[in-house]
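In our numbering, the protein residues as written are 32 to 470.
Here the structure comes first, spelled out in structure tokens, and everything after it is commentary.
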């Protein structure tokens with residue numbers, strides 16, 4: 032059984048690494064270091080192999096496989112909406128093909144949430160991302176043509192990842208996992224802390240401003256959940272202090288935004304994002320209700336986003352909310368706002384009032400990170416993406432936690448009722464209760 036579980040966890044870590052946004056699919060199938068086409072023939076074959084691994088993991092746990100459609104109703108609705116967008120997509124064949132990739136990414140997130148305990152999930156995420164980090168350091172030294180950016184941000188360390196901002200995002204998740212392991216004493220300090228330093232160093236060397244700021248935010252979010260525990264005498268000052276810091280940060284950023292952007296290595300156009308967003312908003316206004324179909328807007332030489340694809344080499348809106356509107360329109364936006372909002376509110380409240388704050392505190396920190404990153408990057412509804420897998424894990428784990436608490440409350444109420452009215456709780460025909468469970 033231990034060998035069986037070791038094999039299962041090994042396959043899980045392999046899938047985590049494959050969804051990390053790296054050049055591994057291209058390089059392992061004979062592509063060049065500059066090739067970023069995740070839909071090349073080699074990359075498609077690579078991910079088809081990953082789909083086989085995901086199906087193998089589900090076959091190893093058939094009970095979990097049958098639970099996937101009912102794991103979370105809103106995730107199921109999201110998946111159905113993505114497939115339904117094929118009906119009105121600009122490129123129905125592209126949307127259908129990419130919807131299948133999105134379905135496998137979602138299935139993997141559901142599998143991890145249902146199969147493993149929370150500490151196991153964090154350890155496997157940390158293991159997979161740490162391996163990618165070590166490979167990135169090796170690529171900087173041994174393969175600088177891969178590990179160093181030679182195009183837009185010359186000299187920036189991007190490691191094995193396609194782009195420095197992807198490096199920053201993946202290292203943010205690694206930092207968050209390692210902080211949680213150190214906080215909960217779930218890992219050995221002599222392993223966790225050096226890895227944490229290496230992850231932070233890679234963020235700095237990648238020159239990922241978003242990654243650096245987000246790392247500070249997730250650390251602050253975890254710290255805040257510890258500060259707001261306790262009675263009103265400790266809760267009120269802690270909340271007042273956090274609000275004061277937020278107000279000072281927002282006010283200072285608004286008043287001196289040009290200086291802040293300069294210090295962060297940005298200009299007032301946010302590296303051209305404002306120009307892109309202006310074009311994207313006009314397209315959203317033209318098709319606001321249903322969008323252009325999942326992952327169809329940036330495809331094709333004659334599509335509405337072709338000018339930026341051809342001249343800038345980008346394939347996203349660099350804003351998660353705009354990207355959702357382009358893909359699924361207003362219904363998709365409402366769905367994402369609701370799911371992320373529940374992660375923020377329920378995660379904070381459970382960390383504040385729950386008996387076990389470790390899991391909701393991590394989920395709250397993830398939601399804070401995604402809210403911040405969503406301003407400048409597209410990270411919702413991504414296929415072959417660890418971002419979306421982590422999002423699904425958080426949503427499902429929160430729903431499971433709420434369901435378990437409700438069941439425990441019902442059992443406690445039934446026990447109190449039985450204690451108050453023993454005659455009503457007695458079994459029929461005077462037979463004593465059996466303590467032997469049914470088999």
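Glycine residues also receive a C-beta, built at the ideal position from the N, C-alpha and C atoms.
None of the values given here were measured: they were computed from a predicted structure.
State the Cα-Cα distance for the pair residue i and residue j, rounded to the nearest angstrom.
i           : j           : result
residue 152 : residue 81  : 19 Å
residue 410 : residue 34  : 35 Å
residue 111 : residue 436 : 29 Å
residue 147 : residue 164 : 24 Å
residue 53  : residue 198 : 9 Å
residue 180 : residue 423 : 31 Å
residue 345 : residue 407 : 13 Å
residue 195 : residue 243 : 12 Å
residue 427 : residue 396 : 16 Å
residue 126 : residue 357 : 13 Å
residue 76  : residue 416 : 17 Å
residue 226 : residue 348 : 32 Å
residue 37  : residue 162 : 17 Å
residue 201 : residue 308 : 24 Å
residue 420 : residue 49  : 12 Å
residue 376 : residue 370 : 10 Å
residue 251 : residue 401 : 14 Å
residue 219 : residue 209 : 10 Å
residue 133 : residue 445 : 43 Å
residue 192 : residue 363 : 29 Å
residue 102 : residue 172 : 44 Å
residue 339 : residue 98  : 42 Å
residue 434 : residue 150 : 19 Å
Looking only at its own chain, which residues have a Cβ that is under 7 Å from the Cβ of residue i, when we skip the five neighbours before and after it?
i           : result
residue 40  : 155
residue 114 : 130
residue 246 : 203, 206, 231 and 234
residue 334 : 121 and 328
residue 331 : 122 and 337
residue 158 : 44
residue 92  : 146
residue 135 : 82 and 85
residue 46  : 81, 84, 85 and 139
residue 385 : 391
Look up residue i in the DSSP assignment and say whether it is helix, strand or coil.
i           : result
residue 319 : coil
residue 192 : strand
residue 380 : helix
residue 310 : helix
residue 255 : helix
residue 174 : coil
residue 335 : coil
residue 159 : helix
residue 120 : coil
residue 35  : helix
residue 424 : helix
Would you give the residue range spanned by the alpha helix (DSSP H) that residue i belongs to?
i           : result
residue 237 : 220–237
residue 91  : 72–91
residue 128 : 123–146
residue 414 : Here residue 414 belongs to no alpha helix (DSSP H), and DSSP marks it neither H nor E.
residue 215 : Element bounds for residue 215: n/a, residue is neither H nor E.
residue 109 : 104–115
residue 401 : 389–404
Enumerate in chain order the residues of its own chain whose CB-to-CB distance from residue i is below 8 Å, with the five nearest sequence positions on each side excluded.
i           : result
residue 360 : 318, 319, 320, 321 and 322
residue 100 : 107
residue 95  : 89, 142, 145 and 146
residue 506 : Nothing about residue 506 can be read from this structure; the chain reaches only from 32 to 470.
What does residue i pair with, by DSSP beta-bridge criteria?
i           : result
residue 53  : 192
residue 179 : 188
Excluding the five sequence neighbours on either side, which residues of its own chain have a C-beta within less than 6 Å of the C-beta of residue i, listed in chain order?
i           : result
residue 144 : 424, 427 and 428
residue 382 : 256, 388, 391, 392 and 395
residue 51  : 163, 201 and 417
residue 351 : 405, 409, 410 and 411
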